[in-house]
Amino acid sequence: MQSNDARMLLQCAVPTALAGVVAAVVSAVLTGSKGAVGAAAGATVVILFMGMGLVVLQRTAKSLPHLFQAMGLLLYTTQILLLALVLIFFKNTTLFDTKAFAFSLLAAALVWVAAQARAHMKAKILYVEPDSSGSAGGDNKKTAATGANS
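In structure tokens form, the structure reads like this:
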């Protein structure tokens, strides 16, 4: 993983973890320890799902750049469906408060998406690969200087 990829992952995971801590504290105050466990579990699920998705998306961008946009759309759709399946799977659990779990999962997902959008806007990512050999620009300058095309 390159440093800019790790930086983007960190810029998304830290605010999401902080939102999870806030959700756990609020849930603990409102519903007790089961609420805190549910909120922490919700935030953890989001960090794991979205973190894995970001890593997959970055690897796709490096190896198959022409599939980047389609892969991103497919990935986010799959993540939302998987989060819905997690909610359905834990619907009747007694391990934690399901409402705290669901609300923290939603809040953490929104924080992750917002943090990822912010991190991507602040990143200085080249969308055109600069020509390192200088042959394309150098040939045009030489042709223009000599007037060979006239």
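The opening residue of the sequence shown carries number 1001 in our numbering; numbering runs sequentially from there. Quick reminder that beta carbons are idealized off the backbone N, C-alpha and C, glycines included. Only a predicted model underlies this, so the values are computations on that prediction, with no experimental measurement involved.
Check                                                                                                                                                        : Outcome
Which residue marks the beginning of the alpha helix (DSSP H) containing H1120, and which one marks its end?                                                 : T1098 to K1122
For a quick check, are the C-beta atoms of S1027 and G1020 less than 8 Å apart?                                                                              : no
Please check if any C-beta of chain B sits within less than 8 Å of the C-beta of L1074.                                                                      : This model lacks chain B altogether; it includes just one protein chain.
Going by beta carbon distance, what residues of the same chain come within less than 6 Å of S1104, once the five residues before and after it are set aside? : A1023, A1039, G1042 and A1043
Considering only their Cβ atoms, is the gap separating T1060 from F1068 smaller than 8 Å?                                                                    : yes
State yes or no: is the C-beta of A1108 within less than 8 Å of the C-beta of V1046?                                                                         : yes
Would you mind stating whether M1071 and L1057 have Cβ atoms separated by less than 8 Å?                                                                     : yes
Can you give the Cα-Cα distance for L1010 and G1032, rounded to whole angstroms?                                                                             : 30 Å
From G1053 to Q1079, what distance separates their C-alpha atoms?                                                                                            : 8 Å
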